[in-house]
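*Asks:* What follows is a structure written as structure tokens; I'll ask about it next.
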Amino acid sequence: MRRCRRQFPSVIDITTHIYPNSSATHGGRATTVRVIVGAQFGDEAKGKITDFLASDAQYVVRTGGGPNAGHTIHVGDEKVVLHQLACGVLRRGVTGVCGPGMVVNPAQLESEIQALDDRHLLHGSIVISERAHVLLTLHQLEDAWEEQTRSNQSGGAGLGTTQRGIGPAYRDRYGRWGLRFAELVRPDLLEQRLELLYASKPYLSNLPSREELQRQLSEIGGRLAPQVRATEPILWGAIERGENIILEGAQSALLDVDYGTYPYVTSSHPTSAGALVGSGIPPQELDEVIGVTKAYATRVGVGPFPTEVGGEMGEYLRRVGGEQGATTGRPRRCGWLDLVLLKYASRLNGFTSFAVTKVDVLGGLDEVPVAVGYRLSDGSEVEAYPPAIAEELAKATPVYRRFAGWPDFNERLRERIRREGAHALPDPLRRFLEFLAVQTRVPVEWVSYGPRRDETVWMGRGARTPTAASLSPWSS
Ligand code: GDP
Ligand code: IMO
Ligand code: MG
Numbered sequence: 006m007r008r009c010r011r012q013f014p015s016v017i018d019i020t021t022h023i024y025p026n027s028s029a030t031h032g033g034r035a036t037t038v039r040v041i042v043g044a045q046f047g048d049e050a051k052g053k054i055t056d057f058l059a060s061d062a063q064y065v066v067r068t069g070g071g072p073n074a075g076h077t078i079h080v081g082d083e084k085v086v087l088h089q090l091a092c093g094v095l096r097r098g099v100t101g102v103c104g105p106g107m108v109v110n111p112a113q114l115e116s117e118i119q120a121l122d123d124r125h126l127l128h129g130s131i132v133i134s135e136r137a138h139v140l141l142t143l144h145q146l147e148d149a150w151e152e153q154t155r156s157n158q159s160g161g162a163g164l165g166t167t168q169r170g171i172g173p174a175y176r177d178r179y180g181r182w183g184l185r186f187a188e189l190v191r192p193d194l195l196e197q198r199l200e201l202l203y204a205s206k207p208y209l210s211n212l213p214s215r216e217e218l219q220r221q222l223s224e225i226g227g228r229l230a231p232q233v234r235a236t237e238p239i240l241w242g243a244i245e246r247g248e249n250i251i252l253e254g255a256q257s258a259l260l261d262v263d264y265g266t267y268p269y270v271t272s273s274h275p276t277s278a279g280a281l282v283g284s285g286i287p288p289q290e291l292d293e294v295i296g297v298t299k300a301y302a303t304r305v306g307v308g309p310f311p312t313e314v315g316g317e318m319g320e321y322l323r324r325v326g327g328e329q330g331a332t333t334g335r336p337r338r339c340g341w342l343d344l345v346l347l348k349y350a351s352r353l354n355g356f357t358s359f360a361v362t363k364v365d366v367l368g369g370l371d372e373v374p375v376a377v378g379y380r381l382s383d384g385s386e387v388e389a390y391p392p393a394i395a396e397e398l399a400k401a402t403p404v405y406r407r408f409a410g411w412p413d414f415n416e417r418l419r420e421r422i423r424r425e426g427a428h429a430l431p432d433p434l435r436r437f438l439e440f441l442a443v444q445t446r447v448p449v450e451w452v453s454y455g456p457r458r459d460e461t462v463w464m465g466r467g468a469r470t471p472t473a474a475s476l477s478p479w480s481s
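Residue numbering for the sequence shown follows the numbering used here, beginning at 6 and increasing consecutively.
Written out as structure tokens, the structure reads:
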């Protein structure tokens with residue numbers, strides 16, 4: 006990363022509480038390439054943070070995943086959920102890129118574009134990488150078949166995928182059977198690629214007619230062709246021109262196929278390293294890796310979740326936090342912030358700062374528990390590295406530290422924060438954030454206290470390696 010080139014304003018500049026434009030915050034420095042990474046199990050409000058920071062970006066790139074993502078943004082009174090489009094498309098002058106690392110369902114992409122256009126919300130432009138893979142209905146059929154097979158084997162639960170065909174599409178990609186957008190828009194290559202793909206799936210009995218699929222894909226390919234481009238040179242050119250790029254992560258570090266809670270993971274790499282592979286931007290061009298975490302935690306689907314809370318409190322968090330899946334509508338499992346997993350995600354991704362979201366949801370609670378370690382089934386204790394075996398992680402007993410709660414985020418408090426900035430955040434919340442930063446050694450730079458665009462406050466840039474003392478200018 007280009008840390009050495011960076012000039013940080015003094016933390017005294019905290020009075021500039023709403024994130025100002027790039028010339029003010031970057032000391033006039035040119036390009037900023039930022040990666041936004043989910044630090045938990047997904048749905049941390051990456052969409053909201055990306056949209057917020059996109060106000061001074063020229064490109065926003067989705068680097069992995071596909072229609073399994075659901076990123077919610079509130080534009081005025083309108084609520085938008087984006088699945089495959091990068092959040093940048095909501096802003097004038099921004100190009101939203103479906104990056105090379107994605108698996109994109111082209112029919113769903115067309116519907117998403119059409120729906121946004123119908124609502125007059127499509128303000129940016131759209132480019133699709135020729136290297137992105139095409140996700141087909143047959144991948145969804147396979148996803149359903151796999152879930153059924155897993156459930157039969159394990160006597161109940163599968164992985165709880167979003168049933169959008171993600172696993173099978175990535176399997177075809179890495180098995181080298183895949184169809185990419187480069188071939189989708191080439192009628193002369195499409196037939197041959199589809200024949201190969203069909204030949205690779207003798208175990209699927211209910212495949213749709215290949216001829217019919219080819220006809221549909223040729224039509225879609227014809228319509229999308231003007232937007233299918235070599236996106237890496239576009240981004241390299243943007244870097245040379247000094248433009249700002251955001252790599253918008255989908256899913257989350259703990260759903261990473263290698264570093265997440267395997268096998269209860271997705272099939273891509275939603276980490277900072279994955280964002281580089283998924284965009285074609287080299288590591289030394291990265292300036293910032295922003296980890297997005299809720300002040301508590303949620304998970305959709307099956308898999309270990311040591312700090313999950315059931316009963317009335319779980320129901321309370323779900324209701325007040327509106328924790329309903331943005332893609333599948335499934336109720337999200339809720340629990341407390343887990344510093345073991347957060348420290349692990351910080352090391353894995355190299356977070357340079359955190360955006361902590363949904364602090365308002367915990368407003369009004371007497372106390373806020375945070376897991377600072379686990380006791381494992383063999384009697385050992387861990388603080389920063391979770392067990393690799395999902396069954397072991399599921400049996401971990403969290404050790405909690407309890408923080409004093411903060412007041413309800415009523416309209417008066419929200420108005421004060423909008424007016425005065427981070428200084429108006431309640432003291433108990435500031436202590437909670439300071440603890441998070443000191444424990445993970447990553448400064449908290451943004452705090453989100455509501456779903457609206459103007460409900461994000463800039464904390465100022467703390468020292469790069471936070472300690473209680475170095476963080477005190479913004480935490481006191
Ligand atoms: P993503 O997948 O990481 O983009 O997150 P989702 O959009 O799936 O879920 C985040 C949800 O929280 C959405 O419904 C947002 O509108 C909402 N949200 C975002 N930030 C805040 C916040 O600070 N407070 C509250 N109460 N809701 C928020
Ligand atoms: P965003 O970008 C939350 C979860 C699924 C399932 C597992 C595998 O909105 O944060 P998949 O369909 O990818 O094969 O499912 O991953 N999952 C998500 N959970 N947010 C997401 O995306 C997710 N994308 C996948 O629930 O447990
Ligand atoms: Mg989501």
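Beta carbons: idealized from backbone N, C-alpha and C, even for Gly. Remember, it's a predicted structure, so these values are computed and weren't measured experimentally.
Flag this pair as touching only if the segment 147 to 158 and the segment 196 to 203 have three or more C-beta atom pairs under 8 Å; answer yes or no.
*Replies:* These segments do not touch.
*Asks:* Tell me, please, which residues DSSP counts as bridged to Glu343.
*Replies:* According to the sequence shown, residue 343 is Asp rather than Glu. In DSSP, Asp343 forms a bridge with Ala376.
*Asks:* Could you say which of Gln119, Phe414, Trp463 lies nearest to Leu367 if we only look at CA atoms?
*Replies:* Considering only alpha carbons, the answer is Phe414.
*Asks:* Give the single residue among Phe356, Ala300, Leu184 whose Cα lies nearest to the Cα of Glu196.
*Replies:* Closest option to Glu196, Cα to Cα, is Leu184.
*Asks:* How far does the alpha helix (DSSP H) with Leu252 in it reach, from first residue to last?
*Replies:* Taken as a continuous stretch (DSSP letters only), Leu252 belongs to no alpha helix (DSSP H), being part of the beta strand (DSSP E) at 250 to 253.
*Asks:* With three or more beta-carbon pairs closer than 8 Å as the criterion, would you say the segment 68 to 76 touches the segment 84 to 103?
*Replies:* Yes, the segment 68 to 76 touches the segment 84 to 103.
*Asks:* Can you tell which of Ala50, Ala302, Arg407 has the C-alpha that lies nearest to the C-alpha of Arg5?
*Replies:* This structure does not reach residue 5, given that the chain is present from 6 up to 481, and the question cannot be answered.
*Asks:* Is the distance from the Cβ of Arg323 to the Cβ of Pro336 below 7 Å?
*Replies:* Taking 7 Å as the Cβ cut-off, Arg323 and Pro336 qualify as a contacting pair.
*Asks:* Exposed or buried, which one is Ser15 when buried takes at least 16 other CB atoms within 10 Å?
*Replies:* Confidence is the limiting factor: at Ser15 the pLDDT is only 30, short of 50, which leaves the residue's position unreliable and the question unanswerable from this model.
*Asks:* At a cut-off of 6 Å, is Ala59 close to the ligand IMO when judged by its beta-carbon and the heavy atoms of the ligand?
*Replies:* Result no, Cβ not under 6 Å from the ligand IMO.
*Asks:* Opposite Arg304 in the DSSP bridges: which residues?
*Replies:* Answer is Arg338.
*Asks:* So Tyr269 is in the alpha helix (DSSP H); what residue range does that whole segment cover?
*Replies:* Where Tyr269 is concerned, there is no enclosing alpha helix (DSSP H), given that its DSSP letter is neither H nor E.
*Asks:* Can you tell me which of the three DSSP states Pro456 falls into?
*Replies:* Three-state DSSP puts Pro456 in coil, outside helix and strand.
*Asks:* Measure from the C-beta of Glu439 to each C-beta in chain D and report whether the shortest distance is under 7 Å.
*Replies:* Reference to chain D is not applicable here, since this structure consists of a single protein chain.
*Asks:* Is it the case that the CB of Gly52 approaches a heavy atom of the ligand GDP more closely than 6 Å?
*Replies:* Yes, the beta carbon of Gly52 sits closer than 6 Å to at least one heavy atom of the ligand GDP.
*Asks:* From His128 to Val99, what distance separates their C-alpha atoms?
*Replies:* Near 8 Å, if we compare the C-alpha coordinates of Val99 and His128.
*Asks:* In terms of alpha-carbon separation, which member of Asp371, Val373, Pro374, Tyr390 lies closest to Arg380?
*Replies:* Residue Tyr390 is the option with its Cα nearest to Arg380.
*Asks:* Just checking, does the segment 393 to 402 make contact with the segment 263 to 283 on the three C-beta pairs under 8 Å criterion?
*Replies:* The segment 393 to 402, when compared against the segment 263 to 283, does touch it at the 8 Å Cβ threshold.
*Asks:* Is Leu189 closer than 7 Å to Val139 when the C-beta atoms are compared?
*Replies:* Yes, the pair counts as a contact, with Cβ atoms nearer than the cut-off.
*Asks:* Express the C-alpha separation of Val262 and Phe356 in angstroms, rounding to a whole number.
*Replies:* The alpha-carbon atoms of Phe356 and Val262 are separated by roughly 19 Å.
*Asks:* Kindly examine the ligand IMO and report whether one of its heavy atoms sits closer than 6 Å to the Cβ of Thr77.
*Replies:* No - the ligand IMO has no heavy atom lying nearer than 6 Å to the Cβ of Thr77.
*Asks:* What does Cys92 pair with, by DSSP beta-bridge criteria?
*Replies:* Cys92 pairs with nothing; no bridge assigned.
*Asks:* Return helix, strand or coil for Ser483, following the three-state DSSP convention.
*Replies:* Nothing can be reported for residue 483: it is not among the residues displayed for the chain, which extend from 6 to 481.
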